[in-house]
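A short write-up of the structure that comes next.
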Amino acid sequence: MMLPEDFTIHIAELKNGTRRIQRDIPLAFLAAELAHCEYEVTPVQAHCDLVMQWMPPENVLLTGKINAVVETPCSTCLTDVELHLCADIDALLAPISEQVINDDAEYTPEDLHREYYENEQIALDDLIRDGIMLELPMTPRCTGPCKRIKGLVTAQEAEEKQQKIDPRLARLAEFKLS
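Note that my numbering has the sequence shown beginning at 79, numbered continuously upward.
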């Protein structure tokens, strides 16, 4: 399923400067795209706030955020969990004619982060879908007892554990690696 026409930006509109896109993302589009997820995901609401800026000669810088609320079953107890997703979008778009497809070519980091457009228009479908899909957790868990299952550690807890130094080894932390 494709997004409505107002999510397709014509290059001629951008050549005068920047364009801001602030609108709700149709739930039917999200439902169709999230149907390919490994677990059941139901979109509740979604909104994008994107800025597109023309960068001569033919590039477009796309930045912004996509916020979405989805419901999915907890991977442990199967109760419904409401997830608030926020995807940062940062992409450099170039004409498809600039795309280099060569098995022997060495790609720069800029090449790997570049997206492409064709026919003098940019369709935001893939960028929006990828942004939301990448924010979905691999194993969604509810905030109840499933969150505290022994052995599961959140990113914040892991960082706190790394910052705590065993007093017996505190002197080793003073060494500087050169």
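Glycine included, C-beta positions come from ideal geometry on N, C-alpha and C.
Out of curiosity, what's the CA-to-CA distance linking residue i and residue j?
i	j	result
CYS126	ARG249	49 Å
LEU214	ASN145	12 Å
VAL148	ILE167	19 Å
MET211	CYS220	19 Å
THR150	LEU161	8 Å
ALA109	ASP203	13 Å
TYR117	HIS88	35 Å
GLU196	ALA169	15 Å
ILE103	PRO121	10 Å
LYS143	ALA165	6 Å
THR157	GLU188	42 Å
VAL159	PHE107	21 Å
ILE200	PRO173	9 Å
PRO135	GLY209	27 Å
On the three-state DSSP scale, how would you describe residue i?
i	result
CYS224	helix
MET273	Missing from the structure shown is residue 273; the chain here goes from 79 to 256 and no further.
ILE243	coil
Identify, in the order they occur along the chain, each residue of the same chain with its Cβ nearer than 6 Å to the Cβ of residue i, setting aside the five sequence neighbours on each side.
i	result
LEU112	VAL119
CYS224	CYS152, THR154 and CYS155
GLN100	ASP127
THR141	VAL129 and ASP168
THR86	GLN199 and ALA201
GLU193	ALA169 and LEU171
HIS191	none
Starting from residue i, follow the alpha helix (DSSP H) in both directions and report where the run begins and ends.
i	result
LEU112	105 to 112
LEU92	89 to 92
Under 8 Å by Cβ, that's how I've got residue i and residue j pegged, so tell me the actual separation to the nearest angstrom.
i	j	result
LEU171	ASN137	7 Å
Using C-beta distances below 8 Å, list every residue in its chain close to residue i, excluding the 5 sequence neighbours before and after it, in chain order.
i	result
GLU91	ARG97
LYS93	TRP132
Starting from residue i, trace the beta strand (DSSP E) in both directions and tell me its first and last residue.
i	result
HIS125	120 to 133
LEU140	137 to 151
GLY96	Per the sequence shown, the amino acid found at residue 96 is Thr instead of Gly. That run of the beta strand (DSSP E) goes 96 to 102.
ARG192	192 to 195
ALA169	158 to 173
ALA201	199 to 201
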